[in-house]
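Single-structure report; data block below.
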Amino acid sequence: MGRLITINYNNKPLYNISIEHDFNKLPAVLEGVGSKERKLCIVTDSSVGAIYLDTVMDIARGCAKDVIPFIFEAGEKSKNLGTIEDLYEKLIIAHFDRNDILVALGGGVTGDMAGYAAATYLRGIRVVQIPSSLVAMVDSSIGGKTGVDFKGYKNMVGAFHQPSAVYMNVSMLSTLTDAQYYSGFGEVAKHGFIRDDAYSSYIAKNLEGIRRRSPLILEEIVAGSCNIKRAVVENDPEEKGERAILNFGHTLGHAIEKLMDFTMLHGECVSAGMAAAAYISMKRGMINENGYNSICRTLKDLNLPVCVNGLNAEDILSVSKSDKKMDAGKIKFILLNGTGNAVICNDVTDSEMLEALDTILK
Numbered sequence: 005m006g007r008l009i010t011i012n013y014n015n016k017p018l019y020n021i022s023i024e025h026d027f028n029k030l031p032a033v034l035e036g037v038g039s040k041e042r043k044l045c046i047v048t049d050s051s052v053g054a055i056y057l058d059t060v061m062d063i064a065r066g067c068a069k070d071v072i073p074f075i076f077e078a079g080e081k082s083k084n085l086g087t088i089e090d091l092y093e094k095l096i097i098a099h100f101d102r103n104d105i106l107v108a109l110g111g112g113v114t115g116d117m118a119g120y121a122a123a124t125y126l127r128g129i130r131v132v133q134i135p136s137s138l139v140a141m142v143d144s145s146i147g148g149k150t151g152v153d154f155k156g157y158k159n160m161v162g163a164f165h166q167p168s169a170v171y172m173n174v175s176m177l178s179t180l181t182d183a184q185y186y187s188g189f190g191e192v193a194k195h196g197f198i199r200d201d202a203y204s205s206y207i208a209k210n211l212e213g214i215r216r217r218s219p220l221i222l223e224e225i226v227a228g229s230c231n232i233k234r235a236v237v238e239n240d241p242e243e244k245g246e247r248a249i250l251n252f253g254h255t256l257g258h259a260i261e262k263l264m265d266f267t268m269l270h271g272e273c274v275s276a277g278m279a280a281a282a283y284i285s286m287k288r289g290m291i292n293e294n295g296y297n298s299i300c301r302t303l304k305d306l307n308l309p310v311c312v313n314g315l316n317a318e319d320i321l322s323v324s325k326s327d328k329k330m331d332a333g334k335i336k337f338i339l340l341n342g343t344g345n346a347v348i349c350n351d352v353t354d355s356e357m358l359e360a361l362d363t364i365l366k
């Protein structure tokens with residue numbers, strides 16, 4: 005058991021993703037990035053910290069000069085510059101220098117914030133990602149995109165800052181609530197839809213193991229998603245082209261997330277956004293009706309929503325135009341030109357989006 009995936013940059017190894025079933029190899033990973041004579045700050049939220057902080061602190065103390073925690077209130081509402089300022093102050097008081105290391109222990113919110121703090125504190129220090137949620141394992145911990153929300157607008161302030169290492173302990177997925185767990189499959193399903201029909205088929209054939217949270221099946225799924233994302237980010241590390249396909253479902257999904265005041269989980273909002281994007285793809289003749297229905301069925305099988313209540317299409321469209329994926333005043337929209345083949349489109353009209361939104365607002 006266990007996998008090692010290497011992320012390359014300019015055809016040279018940049019960092020490793022370790023996929024394990026416990027924390028046994030974490031000391032070697034930390035020491036491998038030079039922790040022995042350095043200070044570590046473990047950044048975590050109040051929920052994840054209550055379960056895993058003591059364990060990771062004990063491990064880190066054995067392979068670092070000093071270890072301190074930074075704990076913030078769990079939830080998307082903490083993902084703001086105020087929390088980052090508190091973290092900066094913690095690091096300054098503890099005399100962290102450019103060679104010290106942040107450790108992000110948690111889900112996507114934690115990874116994004118710790119990564120952004122690492123990118124900007126003293127103009128850049130190292131960060132090790134230890135993702136605790138499925139969405140963080142298969143998406144946000146990989147590729148170096150970091151950021152915070154600004155006045156409720158998702159990820160509008162950020163930086164590209166690659167981690168020094170990523171350590172995934174898939175046994176952590178057993179402590180997620182059902183909602184948190186299945187939310188992660190929004191990103192998992194996305195990877196199959198945009199790049200790999202065979203991966204989508206594997207998911208469809210292993211729904212029972214997914215429901216049981218089978219460690220071996222989850223290892224396979226996490227590794228599959230990591231490899232799909234690896235291939236994309238290696239080609240386009242700073243999202244100047246191809247990497248934008250990873251935003252399938254996100255343009256409308258992020259707008260839904262904001263309008264729902266983050267009461268829906270990220271993967272749930274992306275799922276609804278993917279259903280809408282798949283509908284536009286079908287209406288344009290890029291996928292057939294069977295392909296569209298298959299996408300919606302896969303999402304439903306993974307306990308993900310394809311409809312949203314309590315919103316209207318005009319509001320979602322308006323908020324989507326404040327998304328960071330705008331390009332010269334046009335929305336950079338991701339559609340499917342056949343299942344498993346995402347493409348970037350800059351000509352999706354308001355009327356197309358409104359029609360698609362009507363199908364998910366029934």
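Numbers 5 to 366, taken from my numbering, label the letters of the sequence shown in order.
Ideal placement from N, C-alpha and C gives every residue a C-beta, glycine not left out.
- CA-CA distance, Val312 to Gly277, rounds to 10 Å.
- In the structure shown, the three-state DSSP call for Asp104 is coil.
- Under the three-state reduction of DSSP, Leu365 is assigned to coil, being neither helix nor strand.
- Short of 7 Å from the beta carbon of Asp70, and not among the five residues preceding or following it, lie these beta carbons of its own chain, in chain order: Lys43.
- Annotation for Asp116: no beta strand (DSSP E) segment contains it, though the alpha helix (DSSP H) segment containing it runs Gly112 to Thr124.
- Contact check between the stretch 319-326 and the stretch 181-194: fewer than three CB pairs, one atom from each, fall below 8 Å, which does not count as touching.
- Considering only Leu30, His25 and Lys336, the residue with the shortest C-alpha distance to Leu250 is Lys336.
- C-alpha of Tyr125 to C-alpha of Ala227: approximately 31 Å in a straight line.
- In the DSSP assignment, the residues bridged to Glu24 are Asn173.
- In the displayed model, Leu34 falls within a helix according to three-state DSSP.
- A check of alpha carbon separations from Phe154 across Lys83, Asn297 and Glu93 identifies Lys83 as the nearest.
- Ranked by how close their Cα comes to the Cα of Ala346, the residues Ile260, Arg247 and His25 have Arg247 in first place.
- If you look at Ile299, you'll find it in the alpha helix (DSSP H) that goes Glu293 to Asp305.
- Within its own chain, the residues whose Cβ lies closer than 8 Å to the Cβ of Leu358, once the five positions on either side in sequence are excluded, are Ala317, Glu318 and Leu321, listed in chain order.
- Along the stretch 138-164, the beta strand (DSSP E) occurs as fully enclosed runs of 3 or more residues at 149-154 and 157-164, listed in sequence order.
- With contacts defined as CB atoms closer than 8 Å, Thr343 and Asp201 qualify as a contacting pair.
- Taking a contact as a CB-CB distance under 8 Å, the pair Leu308 and Tyr186 counts as one, their CB atoms being some 6 Å apart.
- Of the candidates Phe266, Ser326, Ala121 and Glu89, Ala121 places its Cα closest to the Cα of Asp104.
- The distance from the Cβ of Ser145 to that of Val161 is about 19 Å, inconsistent with a contact at the 8 Å cut-off.
- Residue pairing by DSSP puts Ile75 in a beta bridge opposite Thr48.
- Closest in alpha carbon position to Leu220, among Val310, Ile23 and Thr114, is Ile23.
- Taking C-alpha positions only, Ala280 is separated from Tyr157 by approximately 21 Å.
- Secondary structure remark: continuous beta strand (DSSP E) runs of at least 3 residues inside the stretch 233-268: none found.
- Annotated three-state conformation of Asn341 is coil, per DSSP.
- As computed with DSSP, Val131 is found in a beta bridge with Leu106.
- Taking a contact to require three or more Cβ pairs closer than 8 Å, the stretch 105-113 and the stretch 47-67 qualify as touching.
- Shortest Cα-Cα distance from Arg127 to any of Gly151, Gly148, Ala118 and Arg102 involves Arg102.
- At a Cβ-Cβ threshold of 8 Å, Val274 and Lys149 do not count as neighbours.
- For the pair Gly289 and Asn239, the Cα-to-Cα distance works out to about 28 Å.
- The beta-carbon separation of Val139 and His258, rounded to 14 Å, does not stay under the 8 Å limit for a contact.
- Per DSSP, Thr87 is one residue of the alpha helix (DSSP H) stretching across Leu85 to Ile97.
- Partner residues in the beta bridge of Asn12, as assigned by DSSP, are Pro17.
- Around Asn210, the same chain offers Ile221 as residues with beta carbons nearer than 6 Å, after the five sequence neighbours per side are excluded.
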